[in-house]
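Asks:
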Amino acid sequence: MQANTKSPSLFKSAILRVLSEKISLAALVVVAIYFLLAFLVSIGVLASDWGKEVAASYAEPSSVVWFGADIFGRSVFLKVIKATETAVMLGVVVSMISMFIGATLGMIAGYFGGLVDEIIVWFYTTVSSIPGIMLLVAIAFILGKGTTTVFLALGLTSWVGLCRIIRAEVMKHKDREYVQAANAIGAGHVRKLVKHILPNVSHLLIINFTQTFDSAIKAEVILSFLGLSVVGRPSWGGMIDDAKLELGRGVWWQLGAATLAMFIIILAFNILGDALRDALDPKLKGK
Amino acid sequence: MNIYSYVLRRLLYMIPVLLGVCLIIFVLFNLVAPDPAFILLGKHATQIQIDQLHHELGLDRSFVAQYIDIVKSAFTFDFGYSWATKQNILEMIKNGAGPSLSITAPLFVISNIVAISLALLVAFYRGKFIDKFMLVFSIAGMSIPSLAVVLFGQWFFGYKLGWFEISGYERGFPEFVPYVILPVILYTFISFGGDTRFYRTVILDEVYQDYIRTARSKGLNEVVIMFKHVLKNSMIPILTNIIIQIPFLILGLLFAESFFSIPGLGAMIINAINNSDFPVIKAMTIISAIGFMVFQIITDVAYTMVDPRMRLK
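Chain order of the listed sequences is A and B.
Positions 0 to 286 (numbering that gives the first Met the number 0) are the ones given, in order, by the first sequence.
Positions 0 to 312 (numbering that gives the first Met the number 0) are the ones given, in order, by the second sequence.
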């Protein structure tokens, strides 16, 4: 670091660390490209004509149709691009939902303690007692098909881990001097929680984001397989699921393209998540 | 606090949690879910038929009574009958448990042995080429969607190369073996990445401890240190991770079972979802929750018994 009198903040030094390593920098670039693609798709610049028939049904990959065509003769390449939007949106919205529920409940439980804590602990113990896959399926099944359902089902089932961590962390923080100081100048509960404690646990939110993003994309495949996933738009899970009827005829390109697209972003998020965790959580450094 | 009152307290805490599980099931299936009459009778049912069905299913009673029904089923294991097959659900579960276990039990043993051996290997050669290679390989393995692995594996090894049975199942010990080999291999591949990384982390935690430095400084060789000191001490988190997998054994393998036509519980759940078979989904949710809770307690108790530093809370 530079010979500053002021040492860089946790976030600044974390970002510097992530950027300084080639592999995590590469992962960050990959994630950025996916987000950019998703953005370009959502404003209609890219892949807006994915539904058009461009070749014969199940046309093989060639120089004209790069990744071949699906049953309706649509370009698999454009479908994969279009599905990037679905995946990124899914990852972001699900992470937001789970972050909101997990952080709110975790902070309330850790801060107030007592009966409130007991109830919240009981609630997340209950939710986590039901194997995630069963709860996910039950919620998706009950709410019926649709994009909103997928967001909700995945969001409602992925907050427990974060809630637990935040609760434990807030418990440690609430009696520290800086919170007492805030108390002394007359800060209320909400102010102490949001303005003072939250910034000190917010690195956990970032680490959690990368994990939830990953698992949301993976879980979408499961929902697709069960016929409970997004409708009216392509998704990687849906494309992989299509392959169960296609592989027997030797049509491997939908499976291949969607798996590759998923593989790259999940790999990038895994690497980025590890790098961020090392950089942001000093206790875990070097593990 | 002694161990007995600890176990007793944990067991008693299962009751409110189980009541909570029932509450979630009640809210999902009895309050939010669409009217089962539409599923069972179709669109053209008359009001009389619908009322009659509601009465049969007990849906015309108060919410409290309906909730108590679910709680009763959780404590008596009497889950009633499947809507789709009209069979007794407990019987269905008993029938499905065998095939599920015949695939998940070998998988459980093999995948853990593979993951722990690999983790020991890479921890021993930490920082060397093999460690870095395995790290990349396991992260890559974790990044492939499991459905893609199952689909591709079944097609390539079962259909293209013809090395394994593509699908089917026979009951009885030696008969089932050919049918489960491929799913076990595929799922070992699916799970090894995450497991190996976890075990590696756990083992490396111990490798850098002071007592290991002491052992090394008194001249013990690395192999003895690895197996006698490191493995023994990292056994606690390893055991925890292993025990907690057990309840999932009865859930079966959701994808693999229906792809390989293995009549286990995983396939049963998929069928129940496809047929909107509420009672079966409810029953499996309750049973898996109970299994999870029981093994959670076993894990914690085992933890406290092997590690005297843990205080009972």
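The beta-carbon is built from N, C-alpha and C at its ideal position, and this holds for glycine as well.
Here the structure is a predicted model, which is why all the values come from computation and not from measurement.
(1) Might you give, ordered along the chain, the residues of its own chain that have their beta carbon closer than 7 Å to the beta carbon of N240 (chain B), omitting 5 neighbours on each side?
(2) Determine whether the beta carbon atoms of V169 (chain A) and V200 (chain A) lie at a separation below 8 Å.
(3) Under 8 Å: do the region 165-174 of chain B and the region 185-192 of chain B share three or more Cβ pairs, one atom per stretch?
(4) Please state whether the Cβ-Cβ distance between A215 (chain A) and S94 (chain A) is less than 8 Å.
(5) Quick check on G152 (chain B) - is its C-beta less than 8 Å from some C-beta in chain A?
(6) Check the DSSP bridge columns for I73 (chain A) and list the partner residues they point to.
(7) Quick check: is the beta carbon of W158 (chain A) nearer than 8 Å to any beta carbon in chain B?
(8) Count the other CB atoms, across all protein chains shown, that sit within 10 Å of the CB of V135 (chain B); report buried if there are 16 or more and exposed otherwise.
(9) Shorter than 8 Å from the beta carbon of V113 (chain B) to some beta carbon of chain A?
(10) Is it buried or exposed for W162 (chain B), if we count other Cβ within 10 angstroms and need 16 for buried?
(11) Is DSSP giving F155 (chain B) helix, strand or coil here?
(12) Can you list the residues of chain A that L250 (chain B) reaches, using a CB-CB cut of under 7 Å?
(13) Which one or two residues does DSSP pair with Y33 (chain A) in a beta bridge?
(14) Under 8 Å Cβ-Cβ, which residues of chain B neighbour N207 (chain A)?
(15) Quick one: does G19 (chain B) have its CB under 8 Å from some CB of chain A?
(16) Going by the C-beta, is I206 (chain A) closer than 7 Å to any heavy atom of the ligand PLP?
(17) Return the bridge partner residues of N274 (chain B) from the DSSP annotation.
(18) Is it true that the CB of S287 (chain B) sits closer than 8 Å to the CB of P246 (chain B)?
(19) Distance, Cα to Cα, I14 (chain A) vs F34 (chain A)?
(20) Compare the C-alpha of F212 (chain A) against each of A:I96, A:V193, A:T258 and name the closest.
(21) Compare the C-beta of F62 (chain B) against all C-beta atoms of chain A and say whether one is closer than 8 Å.
(22) Specify whether the region 221-237 of chain A and the region 252-272 of chain B touch according to this definition: at least 3 beta carbon pairs, one from each stretch, less than 8 Å apart.
(23) With DSSP collapsed to three states, give me the class of Y124 (chain B).
(24) Touching or not, the region 202-213 of chain B and the region 80-90 of chain B, by the rule of three or more beta carbon pairs under 8 Å?
(25) Distance, Cα to Cα, A218 (chain A) vs L219 (chain B)?
(26) Output needed in chain order: residues of the region 264-284 of chain B with a Cβ under 8 Å from some Cβ in chain A.
(27) Against chain B, with Cβ distances strictly below 8 Å, would K21 (chain A) count as a contact?
(28) Can you give me, in chain order, the residues of the region 111-122 of chain A that have a beta carbon less than 8 Å from any beta carbon in chain B?
(29) If you draw a straight line from the C-alpha of S166 (chain B) to the C-alpha of K85 (chain B), how long is it?
Replies: So, from the listed chains and residues:
(1) Indexing the second sequence from 1 puts residue 240 (chain B) at position 241. Excluding sequence neighbours, N240 (chain B) sits near F197.
(2) As a working note, residue 169 (chain A) is residue 170 in the first sequence. As a working note, residue 200 (chain A) is residue 201 in the first sequence. For V169 (chain A) and V200 (chain A), yes; Cβs fall inside 8 Å.
(3) no
(4) As a first step, residue 215 (chain A) must be located in the first sequence, where it is residue number 216. As a first step, residue 94 (chain A) must be located in the first sequence, where it is residue number 95. A contact, by the Cβ cut-off of 8 Å.
(5) Within the second sequence, numbered from 1, the residue matching residue 152 (chain B) stands at position 153. Output row for G152 (chain B): interface = no.
(6) Residue numbering aside, residue 73 (chain A) sits at position 74 when the first sequence is read from its first letter. A small fix is needed here, since residue 73 (chain A) is Arg in this sequence, not Ile. In DSSP, R73 (chain A) forms a bridge with A:E52.
(7) Within the first sequence, numbered from 1, the residue matching residue 158 (chain A) stands at position 159. So no, W158 (chain A) is outside the interface.
(8) Stepping through the second sequence from its first residue, residue 135 (chain B) is reached at position 136. When all chains shown are included, V135 (chain B) counts as exposed.
(9) Locating residue 113 (chain B) in the second sequence gives position 114, counting from the first residue. Chain A contact via Cβ: absent.
(10) By 1-based counting over the second sequence, the position of residue 162 (chain B) is 163. With fewer than 16 Cβ atoms within 10 Å of its Cβ, W162 (chain B) is classed as exposed.
(11) Residue numbering aside, residue 155 (chain B) sits at position 156 when the second sequence is read from its first letter. Reduced to three states, the DSSP call for F155 (chain B) is helix.
(12) Here residue 250 (chain B) refers to the residue found at position 251 when the second sequence is read from its first residue. Result: P130.
(13) In the first sequence, residue 33 (chain A) corresponds to position 34, counting from 1. DSSP output for Y33 (chain A) lists no bridge partner at all.
(14) By one-based count along the first sequence, residue 207 (chain A) stands at place 208. Near N207 (chain A) there are no residues of chain B at all, since even the closest Cβ is about 17 Å away, more than 8 Å.
(15) Stepping through the second sequence from its first residue, residue 19 (chain B) is reached at position 20. Answer yes: the Cβ-Cβ gap between G19 (chain B) and chain A drops below 8 Å somewhere.
(16) With respect to the ligand PLP, the structure offers nothing, as it holds no ligand at all.
(17) Here residue 274 (chain B) corresponds to residue number 275 of the second sequence, with the count starting at 1. Note: N274 (chain B) sits in no beta bridge, so no partner.
(18) Residue 246 (chain B) sits at position 247 when you count from the first residue of the second sequence. Residue 287 (chain B) sits at position 288 when you count from the first residue of the second sequence. Result yes, Cβ atoms of P246 (chain B) and S287 (chain B) sit closer than 8 Å.
(19) On the first sequence, residue 14 (chain A) is found 15 positions in, with the first residue counted as 1. On the first sequence, residue 34 (chain A) is found 35 positions in, with the first residue counted as 1. Taking the straight line joining both Cα atoms gives about 18 Å.
(20) Here residue 212 (chain A) refers to the residue found at position 213 of the first sequence. Minimum Cα distance to F212 (chain A) is reached at A:I96.
(21) As a first step, residue 62 (chain B) is located in the second sequence; it is residue number 63 there, counting from the start. For F62 (chain B), the answer is no, since every Cβ of chain A falls outside 8 Å of its Cβ.
(22) yes
(23) If you number the second sequence from 1, residue 124 (chain B) lands on position 125. DSSP places Y124 (chain B) in coil when its eight states are reduced to three.
(24) no
(25) Counting from 1 along the first sequence, the entry for residue 218 (chain A) is found at position 219. Counting from 1 along the second sequence, the entry for residue 219 (chain B) is found at position 220. About 47 Å.
(26) I268, I269, I272, N273, S275, I280, M283, T284
(27) The residue labelled residue 21 (chain A) in the question sits at position 22 within the first sequence. Cβ-Cβ to chain B under 8 Å: no for K21 (chain A).
(28) W121, F122
(29) Numbered from its first residue, the second sequence carries residue 166 (chain B) at position 167. Numbered from its first residue, the second sequence carries residue 85 (chain B) at position 86. Computed Cα separation, rounded: 26 Å.
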